[in-house]
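Below: one structure, written as structure tokens.
In the working numbering, the protein residues as written are -15 to 575.
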């Protein structure tokens, strides 16, 4: 998600925007809701549009309008507009345009700007002193309704204007951001998202108290991107943030210099400090898919390098190291694989005390009373809670800290999910196509579908279980669409769904393409080589095995001869469709 901001329009901005809308409207008269031309008064048009769309007849001059443009920070391109209209006593918001697409560039839709613009507009209303707001959308516009409800809108009524139905939603802006959802603990339990906890009773009390807590989750930035398996804790932290709690994300700039030995059979590759910082910068953008980094209750990123860089080895060992028992540390499953391989280093032994200290530091500096993580981090999380207890006993200071984990997303074979035989299911759009992302989710093992629904959607679990029981294929298609929409936007979700349906029913008009030169076909192309080059097979030997197993089709016909050579005469209209199993297609195109 790009970082956006609202700016007061200049004359140049207004003229550029009007010119863009005018040109677009002339070439696409039915696909854009704005109908004003260059020369019309912008403010007057907005007032007219607002009054008409909401069926409100307000006296001339009694509805001041504050207009903003939506821009990406550091860029000049205008993405849309937000119009805040209110009565003179600052008690009533007549319109927030832009959050439902009005005034938003068509080529920028489906990217989450709707929700983002509405959040910014509501914050702007607070600054203007507006306490109560009302926003309208077409009743049949489900996406807009969800956006409004997600941001705290409560349905007031429905009205009819020009034979169309509109739903009107009320906002209590003053209290909208201050409420804490006391049902979060129940939600986590019902959805199976709470796996282990150092004190479940204390956690239940904290989350049902009606008071916001601060919590954090730690990530070592050992790569420059995240795949779907990495993001399990983040979708849970998203629930905490929506419930009104303060979320911190700890980037392990210091701990990444060592590398977490949890579950590893060999020492992690050491990264330079420059590589680690570069990874942190890139991961920040990915995390904005799951968490809100703007607004009143924004998530914040902290880096443990900031508090470890000035802490000397002697001071750390005297103040923290003395509280760790080596026998207890070695009994932890964190070091289990490394011990079996006989290669645990003293260097790696320092990881647990460092992560434990993170919790103590964030409790002191940020008030974090909960550390959350995946089940593979249980040993490190427990170490932090134990360290807090020992420090409290030593210095007499009270530290109420709880650790909790979510279950890992594992295949029936016990492997972590997030990768398929075609590669990782990346979150970043520039690393994977919408189609491959969608198909990667579709390859979720049947046994894992329920947990994926629990994590990445808000569907009631009773409904999910019924859906799975009645038709697992339909359930998986629903899952693919919902997760793709959540991560990549509705436009990509629709595109990937339609492409998939086209491939399965019509023979591959929308299949991903692979270009092949005629020169490469001069002497024919071995089928195993082609499967490897198109990445339908990870190796030529695997391609041979797939053919022998009857998993490969060319032009709709199964191939049983792994010595087959593809020639230019096999292509129809310059294209050849390869298929692996029922889910993977590649259209080879001659160039």
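Each residue gets a CB set at the ideal place from its N, CA and C atoms; glycine is no exception.
Taking the runs of the beta strand (DSSP E) that are 3 residues or longer, which of them lie wholly in the region 347 to 373?
Counting whole runs of 3 or more residues, the region 347 to 373 contains the beta strand (DSSP E) stretches 352 to 358.
Check whether the region 477 to 487 touches the region 510 to 524, counting contact only when three or more Cβ pairs, one atom from each stretch, lie closer than 8 Å.
Too few Cβ pairs lie closer than 8 Å, so no.
Which value, in whole angstroms, describes the spacing of the CA atoms of residue 200 and residue 361?
Sequence index remark: in the chain shown, residue 200 carries index 216 (1-based). Sequence index remark: in the chain shown, residue 361 carries index 377 (1-based). Between residue 200 and residue 361, the C-alpha separation is close to 13 Å.
Which class does residue 120 belong to by DSSP, given the choice of helix, strand or coil?
As a working mapping, residue 120 is identified with position 136 in the chain shown. In the structure shown, residue 120 sits in a strand (DSSP, three-state: E or B).
Would you kindly work out how many angstroms separate the C-alpha atoms of residue 212 and residue 541, rounded to a whole number?
Locating residue 212 in the chain shown gives position 228, where the first residue counts as 1. Locating residue 541 in the chain shown gives position 557, where the first residue counts as 1. Whole-angstrom Cα-Cα distance: 34 Å.
Which full runs of the alpha helix (DSSP H) of 4+ residues lie inside the region 508 to 563, going along the chain?
Listed in chain order, the complete alpha helix (DSSP H) runs (minimum 4 residues) inside the region 508 to 563 are 511 to 517, 524 to 532.
Would you list the residues sitting across from residue 152 in a DSSP beta bridge?
The residue given as residue 152 occupies position 168 in the chain shown. Partner(s): 120, 141.
Should the region 335 to 345 be called in touch with the region 290 to 309, which here means at least 3 C-beta pairs below 8 Å?
Counting Cβ pairs under 8 Å, three or more are found: they touch.
Spell out the partners DSSP gives residue 418 in its beta bridges.
Locating residue 418 in the chain shown gives position 434, counting from the first residue. Answer is none; residue 418 lacks a bridge partner.
Measuring CA to CA, which of 338, 348, 388 is closest to residue 358?
What you label residue 358 is simply residue 374 of the chain shown in a count that begins at 1. The residue with the shortest Cα to Cα distance from residue 358 is 388.
Confirm, please, whether the CB-CB distance from residue 106 to residue 124 is below 8 Å.
Your numbering for residue 124 matches position 140 in the chain shown. Your numbering for residue 106 matches position 122 in the chain shown. No. Outside cutoff.
Given 8 Å as the limit, is there contact between the region 276 to 289 and the region 226 to 233, that is, 3 or more CB pairs closer than that?
Yes: at least three Cβ pairs fall under 8 Å.
Whose C-alpha, out of 461, 197, 399, 449, is nearest the C-alpha of residue 350?
Indexing the chain shown from 1 puts residue 350 at position 366. With distances taken between Cα atoms, residue 350 lies closest to 197.
If you scan the region 266 to 301 from start to end, which runs of the beta strand (DSSP E) of 3 or more residues do you find wholly inside it?
Within the region 266 to 301, the complete beta strand (DSSP E) runs of at least 3 residues are 284 to 287.
Is it a yes or a no for the region 163 to 171 touching the region 377 to 394, going by three-plus beta-carbon pairs under 8 Å?
As far as the Cβ criterion goes, the region 163 to 171 does not touch the region 377 to 394, which means the pair count is below three.
If you count every other CB in all the chains shown that lies within 10 Å of the CB of residue 297, and 16 or more means buried, which is it?
Position 313 of the chain shown holds residue 297. The residue is exposed, with fewer than 16 neighbouring Cβ atoms inside 10 Å.
Taking only the alpha-carbon atoms, compute the straight-line gap between residue 99 and residue 508 and give it to the nearest angstrom.
Counting from one through the chain shown, the residue named residue 99 turns up at place 115. Counting from one through the chain shown, the residue named residue 508 turns up at place 524. The alpha-carbon atoms of residue 99 and residue 508 are separated by roughly 53 Å.
What does a CB cutoff of less than 7 Å around residue 179 pick up in its chain, not counting 5 residues either side in sequence?
Within the chain shown, the letter at position 195 stands for residue 179. Once the five neighbours on either side are set aside, the close Cβ partners of residue 179 are 359, 389, 390, 391.
Jot down the residue ranges of each uninterrupted beta strand (DSSP E) in the region 191 to 237, minimum 3 residues, whole runs only, in chain order.
Counting only runs of 3 or more, we get 198 to 203, 230 to 235.
I'd like the list of long-range same chain contacts for residue 528, defined as Cβ closer than 6 Å, with 5 residues on each side in sequence excluded.
Looking up residue 528 in the chain shown gives position 544. Around residue 528: 512, 546.
Residue 497 lies in the beta strand (DSSP E); which residues open and close that run?
In the chain shown, residue 497 corresponds to position 513, counting from 1. Here the beta strand (DSSP E) through residue 497 covers 497 to 500.
Looking at chain C, is there any beta carbon in it that lies within less than 8 Å of the beta carbon of residue 201?
Looking at the structure shown, chain C is missing, and only one protein chain is on hand.
Is residue 538 near residue 559, with beta carbons less than 8 Å apart?
As a first step, residue 538 must be located in the chain shown, where it is residue number 554. As a first step, residue 559 must be located in the chain shown, where it is residue number 575. No. Outside cutoff.
With which residues is residue 387 paired in a DSSP beta bridge?
By one-based count along the chain shown, residue 387 stands at place 403. DSSP, once it has assigned bridges, lists 355 as partnering residue 387.
Is the Cβ-Cβ distance between residue 175 and residue 438 less than 8 Å?
Walking along the chain shown from the start, residue 175 turns up at place 191. Walking along the chain shown from the start, residue 438 turns up at place 454. In contact: residue 175 and residue 438 (Cβ atoms closer than 8 Å).
When you compare only the Cα positions, how much space is there between residue 147 and residue 120?
Counted from its first residue, the chain shown places residue 147 at position 163. Counted from its first residue, the chain shown places residue 120 at position 136. Cα to Cα, the separation comes out at about 16 Å.
Residues bridged to residue 180 by DSSP?
Your numbering for residue 180 matches position 196 in the chain shown. Its beta-bridge partners are 389.
Can you check which of these residues, 273, 338, 263, is closest to residue 295 by C-alpha distance?
Indexing the chain shown from 1 puts residue 295 at position 311. Minimum Cα distance to residue 295 is reached at 338.
How far does the alpha helix (DSSP H) with residue 130 in it reach, from first residue to last?
Counting from 1 along the chain shown, the entry for residue 130 is found at position 146. Element bounds for residue 130: 126 to 134.
Assess, as a yes-or-no matter, whether the region 364 to 383 is touched by the region 256 to 270 under the definition of 3 or more beta carbon pairs within less than 8 Å.
Flag = no, the region 256 to 270 and the region 364 to 383 do not touch.
Does the Cβ of residue 501 have 16 or more other Cβ atoms within 10 Å, making it buried, or fewer, making it exposed?
Walking along the chain shown from the start, residue 501 turns up at place 517. Classification of residue 501: exposed, given that the 10 Å Cβ count is below 16.
In chain order, what residues of the same chain lie with their CB nearer than 6 Å to the CB of residue 304, ignoring the 5 residues before and after it?
As a position in the chain shown, residue 304 is number 320, starting the count at 1. The residues are 337, 341.
What is the DSSP secondary structure of residue 81, counted as helix, strand or coil?
As a first step, residue 81 must be located in the chain shown, where it is residue number 97. With a pLDDT of 35 at residue 81, under the threshold of 50, the modelled position of that residue is not reliable, and the figure given next carries that caveat. Residue 81: coil per DSSP, three-state reduction.
Please list, in chain order, all residues of the same chain as residue 346 whose beta carbon is under 6 Å from its beta carbon, the five residues on each side excluded.
As a working mapping, residue 346 is identified with position 362 in the chain shown. 200, 352, listed in sequence order.
Look at the alpha carbon of residue 257 and the alpha carbon of residue 453, and state the distance between them as a whole number of angstroms.
The residue given as residue 257 occupies position 273 in the chain shown. The residue given as residue 453 occupies position 469 in the chain shown. Cα-Cα distance, rounded: 50 Å.
Given a threshold of 16 other Cβ atoms within 10 Å of its Cβ, counted over all protein chains shown, does residue 118 qualify as buried or as exposed?
Residue 118 sits at position 134 when you count from the first residue of the chain shown. The residue in question, residue 118, is buried, as its Cβ has 16 or more Cβ neighbours within 10 Å.
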